[in-house]
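Presented below is the structure to which this report refers.
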Amino acid sequence: MNYSSKPYAPGGFQFIPPGIKILILVNIAVFFLETTPAGRFINAAGALWPIGADNQGGLSFQIWQPVTYMFLHGGLTHLLFNMFALWMFGAEIENHWGTRQFLTYYFICGIGAALINLLATVGSPYPTVGASGAIYGVLLAFGMMYPDRYIFLYFLFPVKAKYFIAGYAFIEFFSGLGSQSMGSGSNIAHFAHLGGMLVGFIYITIKRNEWSLARVFSKFRFSGKKKNGPRLYQQPKNAASVSESEINAILDKISRSGYASLSDEERRKLLKAGGK
């Protein structure tokens, strides 16, 4: 089933998939904790501090920060924008890949973005917070899965996803170069955004080509047994097709009653249509 010809606009799905729902609730909960007296310590310990930097609390880079920084935000607008983008671009992806694979991808992009940002900010005194690195990875996945899907810029101007994503990448790249050359303390982590996109591209490319360490090792052992990993991003060649009318009926049921109302068989058909 190919959805790429259908226009896309916020509100196309009247539900929030379980993985995205968990991420949104955790981010909101942490944001409220940031407003409490403990917020200063939470930010000092959980933000992604550049290697070699030393903040006022005496803490510098710690091994847990590439994960915890994703749940901290610099303000309500920062939080709302990130969570809206996560839902808008991630909902359809999670329903195609499944919750476990979507969350795996999300955290790989976020952690990868953190590592690239650390390389780009050595010697800087400014920490990084926010889920933007992971969300830019989700944005990249949406552009790769639905390159000809229309996104309505400012809710008015239709732009194909592939051009929308490419434009964002160019803006982030040149903005990052500008902030580096001027030595500014910009509160926008451009290289974290680019890092999330880069890691997402590498991850999806590996999965599309079904590369794996196990497969490489099996070739060295001259094993004739083929390793078949999960086909998350392309339709299996021998898979039984699911009719368009069946998928439309399932999507109508989701719109009426939510994702949780689906039977196991309906979920299986939805995932099969998405190429799982």
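Heads up: the sequence shown begins at 1096 in this note's numbering, then just goes up one per residue.
Even glycine gets a Cβ: it sits at the ideal position worked out from N, Cα and C.
inquiry  = Using a Cβ distance threshold of 8 Å, determine whether the stretch 1190–1200 contacts the stretch 1108–1117, with at least three qualifying pairs required.
reply    = yes
Check your understanding: Counting along the chain, where does the alpha helix (DSSP H) carrying Phe1156 start and finish?
Key -> Along the sequence shown, one-based indexing puts residue 1156 at 61. That residue, Phe1156, is in no alpha helix (DSSP H); it is neither H nor E in DSSP.
| If you count every other CB in all the chains shown that lies within 10 Å of the CB of Leu1235, and 16 or more means buried, which is it? | Along the sequence shown, read from residue 1 onward, the residue named residue 1235 stands at position 140. It counts as buried.
Cα-Cα separation between Leu1372 and Met1239, rounded to whole angstroms:
Limits of the chain in this structure are 1096 at one end and 1371 at the other, which puts residue 1372 out of reach.
Next item on the list: Measure the C-alpha to C-alpha separation of Leu1289 and Ser1219 and round it to an integer number of angstroms.
Entry: For the purposes of this step, residue 1289 is taken as the residue at position 194 of the sequence shown. For the purposes of this step, residue 1219 is taken as the residue at position 124 of the sequence shown. If you take the alpha carbons of Leu1289 and Ser1219, they lie about 18 Å apart.
Spatial neighbours of Phe1202 in its chain, beta-carbon cut-off 6 Å, leaving aside the 5 residues before and after = Stepping through the sequence shown from its first residue, residue 1202 is reached at position 107. Cβ within range, chain order: n/a, list empty.
Requested in this report: With distances taken Cα to Cα, identify the nearest neighbour of Tyr1221 among Trp1192, Phe1126, Asn1122 and Tyr1164.
Outcome: To locate residue 1221, count along the sequence shown from 1; it is residue 126. Nearest of Trp1192, Phe1126, Asn1122 and Tyr1164 to Tyr1221, Cα basis: Tyr1164.
Using the beta-carbon count (16 or more within 10 Å), is Arg1363 buried or exposed?
As a first step, residue 1363 is located in the sequence shown; it is residue number 268 there, counting from the start. It is exposed - the Cβ of Arg1363 has fewer than 16 other Cβ atoms within 10 Å.
Problem set entry | Sequence-distant residues of its chain with Cβ nearer than 8 Å to Ser1340 (five each side left out) | Looking up residue 1340 in the sequence shown gives position 245. So the list is empty, once near-sequence residues are dropped.
- Task: Along the beta strand (DSSP E) that carries Val1254, what are the first and last residues, could you check?
- Result: Position 159 of the sequence shown, counted from the start, is the residue given in the question as residue 1254. Per DSSP, Val1254 belongs to the beta strand (DSSP E) from Phe1252 to Lys1255.
- Task: Would you list the one or two residues that DSSP bridges to Leu1143?
- Result: Reading the sequence shown from its first residue, position 48 is the one you call residue 1143. According to DSSP, which records beta bridges pairwise, Leu1143 is partnered with Thr1223.
Fill in: Contacts around Gly1295, its chain only, beta-carbon distance under 6 Å, and the 5 residues preceding and following it disregarded
Position 200 of the sequence shown holds residue 1295. Correct list, in chain order: Cys1204, Gly1232, Leu1235 and Ala1236.
#### Entry: Pair within 9 Å by beta-carbon distance, Asn1138 and Leu1167
Stepping through the sequence shown from its first residue, residue 1138 is reached at position 43. Stepping through the sequence shown from its first residue, residue 1167 is reached at position 72. Result yes, Cβ atoms of Asn1138 and Leu1167 sit closer than 9 Å.
| field | Cβ-Cβ distance between Asn1190 and Tyr1298 below 9 Å | value | Here residue 1190 refers to the residue found at position 95 when the sequence shown is read from its first residue. Here residue 1298 refers to the residue found at position 203 when the sequence shown is read from its first residue. No, Cβ-Cβ distance for Asn1190 and Tyr1298 is not below 9 Å.
Suppose the cutoff is 7 Å on Cβ atoms and the five residues either side in sequence are ignored; what does the same chain contact list for Phe1184 look like?
Within the sequence shown, residue 1184 is the residue found at index 89, counting from 1. Here the set comprises Val1233, Leu1234 and Phe1237.
Worksheet item: Measuring CB to CB, does Gly1208 end up less than 9 Å from Gly1228?
Response: Locating residue 1208 in the sequence shown gives position 113, counting from the first residue. Locating residue 1228 in the sequence shown gives position 133, counting from the first residue. Inspection of the sequence shows that residue 1208 is occupied by Ala rather than by Gly. Yes, the pair counts as a contact, with Cβ atoms nearer than the cut-off.
Next item on the list: Would you decide whether Val1217 is buried or exposed? Buried here means 16 or more other CB atoms lie within 10 Å of its CB.
Entry: By one-based count along the sequence shown, residue 1217 stands at place 122. With fewer than 16 Cβ atoms within 10 Å of its Cβ, Val1217 is classed as exposed.
Would you say Leu1181 and Ile1119 are within 9 Å of each other, going by their C-beta atoms? Within the sequence shown, the letter at position 86 stands for residue 1181. Within the sequence shown, the letter at position 24 stands for residue 1119. Yes, the Cβ-Cβ distance between Leu1181 and Ile1119 is below 9 Å.
Q. Could you check where the alpha helix (DSSP H) with Phe1166 kicks off and where it finishes?
A. To locate residue 1166, count along the sequence shown from 1; it is residue 71. Element bounds for Phe1166: n/a, residue is neither H nor E.
Inset, instruction - Could you check the C-alpha separation between Leu1128 and Gly1134 for me, to the nearest Å? - result: Within the sequence shown, the letter at position 33 stands for residue 1128. Within the sequence shown, the letter at position 39 stands for residue 1134. Taking the straight line from one Cα to the other gives about 6 Å.
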